[in-house]
């Protein structure tokens with residue numbers, strides 16, 4: 001699937017992640033009916049693909065399912081917690097952890113957690129553009145019955161099982177920590193060293 005047209009890759013991606021019942025349950029639940037700018041993304045998407053390509057159980061090694069939304073009108077921690085609690089209640093039948101983040105407020109805590117100051121993000125797409133690796137910079141949502149894929153760096157690295165740092169957005173230690181964790185779970189990953197980018 002590497003080097004195929006992006007539309008063909010996106011369709012294949014949806015076909016693969018559709019095999020993960022937790023992803024489909026989350027998408028079909030319409031988790032953010034009051035927001036148009038939201039995605040399910042990052043690890044749960046790429047790891048479902050890596051599992052499929054590695055002949056592993058589709059949910060193998062997936063720690064949590066990241067749901068992001070964008071609400072610049074309420075960037076309070078309390079507002080984000082309300083959304084987290086609402087989504088947890090909505091998806092309470094699922095045996096998985098769902099992590100909910102308002103991308104409009106990431107700049108308020110990013111420096112404290114990662115030692116790097118950032119400006120307020122403009123959208124969920126702006127956030128995905130900055131996710132740590134090219135393979136994980138993928139978001140999927142379902143709006144008005146249509147599944148949409150946002151992949152700013154394409155899908156070649158994802159399907160090629162290539163782990164590449166998304167410089168300058170990612171911090172070196174964050175990237176290397178992810179590499180260490182992922183290569184233990186998916187031995188076929190091809191890692192691009194930090195210094196080569």
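Numbering (my numbering), first residue to last: 1 to 197.
C-beta: ideal position from N, C-alpha, C; glycine also.
Beta-carbon proximity check, residue i vs residue j, cutoff 8 Å
i	j	result
residue 158	residue 6	no
residue 128	residue 167	no
residue 119	residue 70	no
residue 171	residue 17	no
residue 142	residue 27	yes
residue 103	residue 121	yes
residue 162	residue 179	no
residue 130	residue 169	yes
Coil, strand or helix - residue i by DSSP
i	result
residue 150	strand
residue 5	coil
residue 142	strand
residue 102	strand
residue 21	helix
Start and end residues, beta strand (DSSP E) containing residue i
i	result
residue 66	65 to 69
residue 39	38 to 41
Where the alpha helix (DSSP H) containing residue i begins and where it ends
i	result
residue 79	77 to 90
residue 156	156 to 159
residue 176	172 to 185
residue 135	Here residue 135 belongs to no alpha helix (DSSP H), and DSSP marks it neither H nor E.
residue 97	No alpha helix (DSSP H) holds residue 97; DSSP gives it neither H nor E.
residue 127	124 to 128
residue 112	110 to 114
Spatial neighbours of residue i in its chain, beta-carbon cut-off 7 Å, leaving aside the 5 residues before and after
i	result
residue 194	165, 172, 175 and 176
residue 125	150
residue 42	66, 131 and 136
residue 24	18
beta-carbon residue i near the ligand HEM non-hydrogen atom, thresh 7 Å
i	result
residue 25	Absent from the structure shown: the ligand HEM. Ligands present: none.
Same chain, Cβ closer than 6 Å to residue i, five either side skipped, listed in chain order
i	result
residue 123	37 and 70
(Q) Can you confirm whether the region 27 to 34 touches the region 50 to 65 when touching is taken to mean that 3 or more C-beta pairs between the two stretches lie within less than 8 Å? (A) no
Q. When the Cβ atoms of the region 73 to 84 are set against those of the region 102 to 112, are three or more pairs found closer than 8 Å?
A. yes
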